[in-house]
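Heads up: the structure comes next, in structure tokens.
Residue numbers (the numbering used here), protein chains in the order written: chain A, 1 to 306; chain B, 1001 to 1287.
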């Protein structure tokens, strides 16, 4: 009891997965404490879903080790304490929402006497109470994703994996999911949030790891990651060669008229402006701001590529 | 409820809610109705002298027609088992339906056995139900009943279960449509190989006989079908076939002897092997 209770929600050491000659995950080492909302970021194909599937025992690691709630991955009893919303969410269309959740209560397995309350609470949390007795086949994508989230919540899990949990949701739904995630954290549930929606991660996560090409390229709290300044400049009159020369000011997100230097010391702004003018550019606006997660993310990927 | 029974219940429930059972029941009732009408017509056939056929002759004709009708039932059962078993696991892996369930404290062996069990219940109920209806209708129409009705149901059900088991193995790795088609082709090939074996017996050619024997070992559906045929053959037909010697055996709709005990023992082992292979294949599959 003592060791397992004190153990982190997730702990991995050099977790590696290869599919033939392709490295899907290269030596993932990380620790997610209990009750923390952990964001796992990365571009498509970076290895995010592979990581979740490895942790849940759906894939077997090529090498390395990992523990969930203090027990080695693949341990059946530990899965009673885990919830999972897959990226590819699909539920039995021929069952109604209440029956799908009852199925998950049964497989969890929860005592039958608690099902009614668990199902009602989960439906209420995701806002599907009104559709509880409707067949899942009549649900929209967004409603099915809500149902998947409800299924992940039954049994008050200690650790929840959410793989792109808002991919099918409208802005209201996304807001609801953020509130649900915060609620989970408040009651001590650790949340592993896989996402490429950076603003969403930025708003809810305590800590994040950025993964690319199967490797973690940065990790830390939001404050640790977003310590720099980004500078956005509105310019005209710069040709391609001039823009290339601006690379001296660090990673650049070039959106035509708007250039964002994703990490630039505020003291270098006058030098940047004079350089742009010297290169024949006309500056209309300069706005320094704290780095957003998107700035940092693009900066990290830029550094990784170079 | 243990996960095995949860998955078995889900499989039965899905077939019921998707109206597969209803479709089978309606089609079966139609076939039973038409065949009862047809069998009844045999009793009214008159000879050139205006008299109706004697009861023994009606029974003989009925027994042989019943074998052909049972072949249709076994075909429907085999086709249904293959088509339903083919996508049983693969479609749920491809769609992602199994992902959230496999993240629960569920062993993959429990998924495989549960799904097999659910479909096996359906196959057995269909075999028993359709046989009961058809034999009752035939008995009502002609007064004939086959010599071994219980064995008949068991052999036909076992044939369906064999196709289901093959479909399930394929379903752990191949897409539903591919697995279903392979299972169907295998069933037809096994039947044809059985006919080739019969011809070998008729011609006393051991090479051809071996084709039949090997096919019975690889996929025992044809061997089981012969068991069903034997269960329907009246003594008088058996005596005539035996009198015809080896030539009497060269016919896929006849059986002179019941399936050997060694074959039946092999069938039990074969089912065990198929289930073991399905479990191993699914357990080692990365999802």
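The beta carbon of each residue, even a glycine, is placed where N, CA and C say it ideally should be.
Remember, predicted model here, so these are calculated numbers, not experimental data.
For residue i, which three-state DSSP category applies?
i              : result
residue 139/A  : coil
residue 168/A  : coil
residue 263/A  : coil
residue 127/A  : coil
residue 234/A  : strand
residue 77/A   : helix
residue 158/A  : coil
residue 1003/B : helix
residue 40/A   : strand
residue 1104/B : coil
residue 1089/B : coil
residue 1146/B : coil
residue 1197/B : helix
residue 221/A  : strand
residue 302/A  : helix
residue 1141/B : helix
Ignore the nearest five residues each way along the sequence and tell me which others in residue i's own chain have a CB closer than 6 Å to its CB.
i              : result
residue 249/A  : 261, 264, 272
residue 291/A  : 226, 228, 230
residue 1151/B : 1231
residue 39/A   : 193, 201, 205, 208
residue 4/A    : Since pLDDT at residue 4/A reaches only 49, below the 50 mark, its modelled position is unreliable, and the value read off the structure follows with that caveat. Around residue 4/A: 70.
residue 1263/B : 1223
residue 1027/B : none
residue 155/A  : 108, 110
residue 302/A  : 251
residue 174/A  : 166
residue 1184/B : 1082
residue 33/A   : 8
residue 60/A   : none
Taking 7 Å as the limit between beta carbons, can you name the residues of its chain near residue i, skipping five residues before and five after?
i              : result
residue 1160/B : 1077, 1078, 1081, 1123, 1127
residue 1201/B : 1209, 1246, 1249, 1250
residue 1176/B : 1086, 1087, 1090, 1091
residue 170/A  : 142
Out of curiosity, what's the CA-to-CA distance linking residue i and residue j?
i              : j              : result
residue 153/A  : residue 160/A  : 8 Å
residue 210/A  : residue 79/A   : 26 Å
residue 1172/B : residue 287/A  : 57 Å
residue 1068/B : residue 1255/B : 13 Å
residue 1015/B : residue 91/A   : 16 Å
residue 1181/B : residue 1114/B : 23 Å
residue 19/A   : residue 62/A   : 9 Å
residue 1008/B : residue 1137/B : 32 Å
residue 1193/B : residue 1060/B : 28 Å
residue 110/A  : residue 167/A  : 29 Å
residue 1219/B : residue 185/A  : 55 Å
residue 189/A  : residue 162/A  : 12 Å
residue 50/A   : residue 181/A  : 22 Å
residue 105/A  : residue 178/A  : 24 Å
residue 257/A  : residue 283/A  : 10 Å
residue 219/A  : residue 1221/B : 59 Å
residue 295/A  : residue 96/A   : 43 Å
residue 1102/B : residue 1043/B : 58 Å
residue 274/A  : residue 297/A  : 27 Å
residue 84/A   : residue 266/A  : 43 Å
residue 1238/B : residue 1145/B : 16 Å
For the beta strand (DSSP E) that contains residue i, what are its first and last residues?
i              : result
residue 1286/B : No beta strand (DSSP E) holds residue 1286/B; DSSP gives it neither H nor E.
residue 17/A   : 10-19
residue 27/A   : 22-32
residue 84/A   : 82-85
residue 206/A  : Element bounds for residue 206/A: n/a, residue is neither H nor E.
residue 66/A   : 63-68
residue 132/A  : Premise fails: residue 132/A is in no beta strand (DSSP E) and is neither H nor E.
residue 283/A  : 282-290
Can you name the start and end residues of the alpha helix (DSSP H) that residue i belongs to?
i              : result
residue 1214/B : 1206-1218
residue 1223/B : 1221-1232
residue 1155/B : 1149-1171
residue 1237/B : 1235-1243
residue 1060/B : 1055-1085
residue 240/A  : 240-245
Under 8 Å by Cβ, that's how I've got residue i and residue j pegged, so tell me the actual separation to the nearest angstrom.
i              : j              : result
residue 1018/B : residue 94/A   : 6 Å
residue 1074/B : residue 1156/B : 5 Å
residue 76/A   : residue 151/A  : Actually they do not touch by this definition, with Cβ atoms about 18 Å apart.
residue 66/A   : residue 15/A   : 5 Å
residue 1191/B : residue 1163/B : At roughly 11 Å, the Cβ-Cβ gap does not stay under 8 Å, so residue 1191/B and residue 1163/B are not in contact.
Take residue i and list the residues in its own chain whose beta-carbon comes closer than 8 Å to its own, dropping the five residues that flank it on each side.
i              : result
residue 1235/B : 1147
residue 281/A  : 235, 236, 237, 238, 242
residue 72/A   : 65, 66
residue 128/A  : 97, 143, 146, 147, 150
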